[in-house]
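Notes follow once the structure below has been shown.
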Amino acid sequence: MTAPAARALIAEDEPLLAAALRAELAALWPALEVVATVGDGDSAVAQALAQRPEVCFLDIRMPGSSGLEAARALAEDWPEGLPFPLIVFVTAYDQHALAAFEAQAVDYLVKPLDRPRLAACVERLRARLADRAAPAQLQRTLEQLRGLLGAAGAAAGPSPAAAAGTAAAPRLSVIPAQTGHLVQMVPVAEVLYFEAADKYVRVVTATREHLIRLSLRELLPQLDPAEFWQVHRGTVVRASAVASARREDSGKVTLTLRGRPETLTASRLYAHLFRGL
Amino acid sequence: MSTLAARLASAVPDPLRTGAQVQLICLGVALLLKLLGADSFLVAWLYSAVIGSCIWGLIHGGTHLLARLRRVAPDAEGGERWPGWGWMLPVIVVGAFAGYVLGTLIADALTGHRSVLPLARGLADWRAWGGIVAISLAVAVAATWYFYSRSHLASAAAAAAGLQRQAAEAQLRLLQSQLEPHMLFNTLANLRVLIGADPPRAQAMLDRLIAFLRSTLAASRSGEHALADEFQRLADYLALIEVRMGPRLQVRLDLPEDLRAQPVPALLLQPLVENAVQHGLEPQVAGGRIEVGARRDGGMLVLTVRDTGAGMPALAPPPAPGHGFGLTQVRERLAALHGAHAALTLAPAADAEGGTQAEVRLPLQRREDLA
Chain A
-1 MTAPAARALI
9 AEDEPLLAAA
19 LRAELAALWP
29 ALEVVATVGD
39 GDSAVAQALA
49 QRPEVCFLDI
59 RMPGSSGLEA
69 ARALAEDWPE
79 GLPFPLIVFV
89 TAYDQHALAA
99 FEAQAVDYLV
109 KPLDRPRLAA
119 CVERLRARLA
129 DRAAPAQLQR
139 TLEQLRGLLG
149 AAGAAAGPSP
159 AAAAGTAAAP
169 RLSVIPAQTG
179 HLVQMVPVAE
189 VLYFEAADKY
199 VRVVTATREH
209 LIRLSLRELL
219 PQLDPAEFWQ
229 VHRGTVVRAS
239 AVASARREDS
249 GKVTLTLRGR
259 PETLTASRLY
269 AHLFRGL
Chain B
1235 MSTLAARLAS
1245 AVPDPLRTGA
1255 QVQLICLGVA
1265 LLLKLLGADS
1275 FLVAWLYSAV
1285 IGSCIWGLIH
1295 GGTHLLARLR
1305 RVAPDAEGGE
1315 RWPGWGWMLP
1325 VIVVGAFAGY
1335 VLGTLIADAL
1345 TGHRSVLPLA
1355 RGLADWRAWG
1365 GIVAISLAVA
1375 VAATWYFYSR
1385 SHLASAAAAA
1395 AGLQRQAAEA
1405 QLRLLQSQLE
1415 PHMLFNTLAN
1425 LRVLIGADPP
1435 RAQAMLDRLI
1445 AFLRSTLAAS
1455 RSGEHALADE
1465 FQRLADYLAL
1475 IEVRMGPRLQ
1485 VRLDLPEDLR
1495 AQPVPALLLQ
1505 PLVENAVQHG
1515 LEPQVAGGRI
1525 EVGARRDGGM
1535 LVLTVRDTGA
1545 GMPALAPPPA
1555 PGHGFGLTQV
1565 RERLAALHGA
1575 HAALTLAPAA
1585 DAEGGTQAEV
1595 RLPLQRREDL
1605 A
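Chains A and B are the protein sequences, given in the same order.
Under our numbering, the first residue of the first sequence carries the number -1, and numbering increases by one thereafter.
Under our numbering, the first residue of the second sequence carries the number 1235, and numbering increases by one thereafter.
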């Protein structure tokens, strides 16, 4: 009954809190080696993919992308066949997120951390690492993330606020896309898909494409979810524009489109949208 | 005692209460008639009660009919519909006259008397009935006036209570927005760490937190304070955020000496600074700088809160709850104090560093006013 050696990543943007979590973990779980401490969501994804830790502590509200977005990116990009890390979300106060965590039986910690809760969390993580059936962990995380992203788009944004009223967001009907001094008015009805590209979003119609300075996160609440499906953290496609879907070995799905020659990729997180009847 | 009576009274449905009061008035009229020489108090009371009820019924019905015909809406707090005295006087006169005749006929039928009715034997006999009709009319006018003003008092009281409730709700929302739980718990988490790691710094942070909480609780109740106090409160808040964000946050507060005493609504700038931190700087991996400044521009005091953060999105997404409220609240407070003479504008910062600049303009108070 030796405690399994494990490596961890801590993603927390407040330096004092990151150091404290590290110190508390050192006391409660000496065998755990913290291999990376990062302060934003994007670094968390990059470091986790590079270091492949067994456990990730992800703060929910971080600059760049949130803890939840980081978890989604990991679930989408994690190499097939390798054991997926155990994820623990950390939050100071996100009512809606907490309710969703409870509903999805996700591990989470609330700040300020208290010793007994952290100890209980460490126990759970150790137990789970000990009898680790590798592929099951990824499936479990995918299910949980689908639940979290569906139930609480709320928890996704670093903006505290996205919490309550996204449902009431007015729908966008025309997108003003600026190129130089010219603003082209692109009817949403003509858009086949949106693709995140750095700080921009590519707006693709059958005949043209435009760049708008807006994140997909800001755009999504303004689209009709019945009309546009998110199929990847960076891709939102008009459902009726998808011509066919082919499942790949990696769990991803390749989509062909009506009216465009290129294919799109649906990540394993959204592959269930294209299950045949 | 009076509140108990009021509570008992308010438990009784309104028409019943009014009816009972009408009967009391009738009793009073009966006593008056007895004093004026009526033979039997009971008979006088019977006539008075029946006539009074008829008059009240006719006037009440007439008022409603008139209000409906003239489409007078009941006032917001549920007071009586009131078409105005100009329309009501004829209703009262006709109501009193007709009610008197009708009531007398009914009372005659009940007692077997045959009273002298107006116009029945010509106007010549007016002495026989004129006095009593005059009494009816006078009582009807007085009673209508009484019921009318009571209804209006009640609706005015209800309106005042409604306003008070609204003010309390606004205060609660202000407090909730200022004591943003995410900020509070993160601050406490940092404090918990510092208590072990760096007690003097923990103490300093706790002092800032106490000052911040005290001013927040006081400000949600009170009006104005000096601009220097406003800057001190912002410094407290930003010091808390500085502990949390570390080197990602730079703060610059710039308050010219001669503006320190300028009165401003307490914690007016707080929501703007919070927005700059939450929506401008916190989402940025690199963080950034926040600058709060004050200057005079002619007769105006100009306060600016600028961040070098994420900036405003090109396609404004719907203002998320919390965000929109902060700005609305600043605008409402400015409008309440200065009307059109004060304004809040929010715009992308003009220089290359980017970010957002909020600017509040309000009338400058002259030195002699301050003394």
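Don't be surprised by glycine CBs; every beta carbon is placed ideally from N, CA and C.
| Burial state of B:Asp1470 (16 or more Cβ within 10 Å) | The residue in question, B:Asp1470, is buried, as its Cβ has 16 or more Cβ neighbours within 10 Å.
| query | Are the beta-carbon atoms of B:Thr1538 and B:Gly1545 separated by less than 8 Å? | reply | No, they are not a contact pair.
| Whole-angstrom distance between B:Pro1434 and A:Gln135, CA atom to CA atom | Using only the alpha carbons, I get a separation of about 45 Å.
| query | DSSP on B:Thr1542, reduced to helix/strand/coil? | reply | DSSP places B:Thr1542 in coil when its eight states are reduced to three.
| Going by the CB atoms, is the gap between A:Glu52 and A:Pro83 shorter than 8 Å? | With respect to the 8 Å criterion, A:Pro83 and A:Glu52 are classified as neighbours on the basis of their beta carbons.
| query | How big is the Cα-Cα spacing for B:Val1427 and B:Leu1596? | reply | Per the coordinates, the alpha-carbon of B:Val1427 lies some 42 Å from the alpha-carbon of B:Leu1596.
| What is the residue span of the alpha helix (DSSP H) that B:Val1507 lies within? | Looking at the DSSP string, the run of the alpha helix (DSSP H) that includes B:Val1507 is Gln1504 to Asn1509.
| field | Interface flag, B:Gln1518 vs chain A, CB-CB below 8 Å | value | For B:Gln1518, the answer is yes, since a Cβ of chain A falls inside 8 Å of its Cβ.
| query | With 8 Å set as the bound, which would you pick, yes or no: does the beta-carbon of A:Glu12 sit closer than that to a beta-carbon of chain B? | reply | Chain B contact via Cβ: present.
| said: By alpha-carbon positions, which one of A:Gln93, A:His208 and A:Ser265 ends up nearest to A:Leu143? | reply: Out of A:Gln93, A:His208 and A:Ser265, A:Ser265 has the C-alpha closest to the C-alpha of A:Leu143.
| So what does DSSP say about B:Gln1257, is it helix, strand or coil? | Looking at B:Gln1257 - three-state DSSP - the assignment turns out to be helix.
| message | Report the CB separation of B:Gly1589 from B:Asp1541 in whole angstroms; it is logged as a contact under 8 Å. | response | The pair is a contact, with the Cβ atoms about 5 Å apart (cut-off 8 Å).
| field | Test: A:Asp38 CB closer than 8 Å to a CB of chain B | value | Under the Cβ criterion of 8 Å, A:Asp38 is counted among the residues facing chain B.
| field | chain A within 8 Å of B:Met1439, Cβ atoms only | value | B:Met1439 does not count as touching chain A.
| query | Would a C-beta distance cut-off of 8 Å place A:Ala71 and A:Val104 closer than the cut-off? | reply | Taking C-beta atoms as the reference points, A:Ala71 and A:Val104 fail to come closer than 8 Å.
| message | Check whether the segment 1473 to 1493 of chain B and the segment 1516 to 1526 of chain B touch, using three or more Cβ-Cβ pairs below 8 Å as the test. | response | They touch, by the three-pair rule.
| field | A:Ala29 vs A:Ala46 beta-carbon contact at 8 Å | value | Contact flag unset, no.
| field | DSSP bridge partner residues for A:Val235 (one or two, in chain order) | value | For A:Val235, which the question treats as bridged, DSSP gives the partners A:Tyr191 and A:Trp227.
| query | Can at least three beta-carbon pairs, one atom from the segment 253 to 265 of chain A and one from the segment 189 to 197 of chain A, be found at a separation below 8 Å? | reply | Contact check between the segment 253 to 265 of chain A and the segment 189 to 197 of chain A: three or more CB pairs, one atom from each, fall below 8 Å, which counts as touching.
| Whole-angstrom Cβ separation of A:Arg50 and A:Leu80, contact assumed at under 8 Å? | A:Leu80 and A:Arg50 do touch by the CB rule: their CB atoms are close to 7 Å apart, below 8 Å.
| task | Pick helix, strand or coil for A:Val108, following the three-state DSSP scheme. | result | DSSP places A:Val108 in strand when its eight states are reduced to three.
| request: Starting from the beta carbon of A:Leu15, find every residue of chain B whose beta carbon is closer than 7 Å, and list them in chain order. | output: For A:Leu15, the chain B residues whose C-beta falls within less than 7 Å of its own C-beta are Ala1423, Asn1424 and Val1427, listed in chain order.
| message | Less than 8 Å between CB atoms is the rule here; does A:Ala18 satisfy it with respect to chain B? | response | Yes, contact with chain B.
| message | Please report the distance separating the alpha-carbon of B:Asp1585 from that of A:His179. | response | If you take the alpha carbons of B:Asp1585 and A:His179, they lie about 19 Å apart.
| message | Against chain A, does B:Pro1415 count as a neighbour if the rule is that its beta carbon must be under 8 Å from one of theirs? | response | Interface residue (Cβ-Cβ distance to chain A less than 8 Å): B:Pro1415 is classified as such.
| CB-CB under 8 Å to A:Gln137, same chain, minus the five flanking residues each way: which ones, in chain order? | Answer for A:Gln137: no residue qualifies.
| query | By a C-beta neighbour count over all protein chains shown, 10 Å radius and 16 as the cutoff for buried, is A:Asp11 buried or exposed? | reply | Buried.
| message | Using a Cβ-Cβ cutoff of 9 Å, what residues of the segment 86 to 113 of chain A are near chain B? List them in chain order. | response | Residues passing the 9 Å Cβ filter: Thr89, Ala90, Tyr91, Asp92, Gln93, Val108, Lys109, Pro110, Leu111 and Asp112.
| task | Evaluate B:Ile1444 with the Cβ neighbour count: other Cβ atoms within 10 Å of its Cβ, from every protein chain shown; 16 or more gives buried, anything less gives exposed. | result | Here B:Ile1444 is exposed, its C-beta having fewer than 16 other C-beta atoms within 10 Å.
| field | Under 7 Å by beta carbon: chain B residues contacting A:Pro61 | value | In chain order: Glu1516, Pro1517, Gln1518 and Val1519.
| task | Taking only the alpha-carbon atoms, compute the straight-line gap between B:Gly1333 and B:Gly1286 and give it to the nearest angstrom. | result | Distance between the alpha carbons of B:Gly1333 and B:Gly1286 is about 8 Å.
| Which chain A residues sit within Cβ distance under 9 Å of B:Asn1204? | It is not possible to answer for residue 1204 of chain B, since the shown part of chain B is limited to 1235 through 1605.
| What three-state label does DSSP hand A:Val43 in the structure shown? | Helix at A:Val43.
| Quick one: is B:Asp1492 buried, meaning 16 or more other Cβ sit within 10 Å of its Cβ, or exposed? | Classification of B:Asp1492: exposed, given that the 10 Å Cβ count is below 16.
| How far does the alpha helix (DSSP H) with B:His1294 in it reach, from first residue to last? | Per DSSP, B:His1294 is one residue of the alpha helix (DSSP H) stretching across Phe1275 to Leu1303.
| Within chain A, partners of B:Ala1480 - CB distance below 8 Å | Here the sequence assigns Gly to residue 1480 of chain B, which means Ala is not the residue at that position. Residues of chain A passing the Cβ test: Glu12, Pro13 and Leu14.
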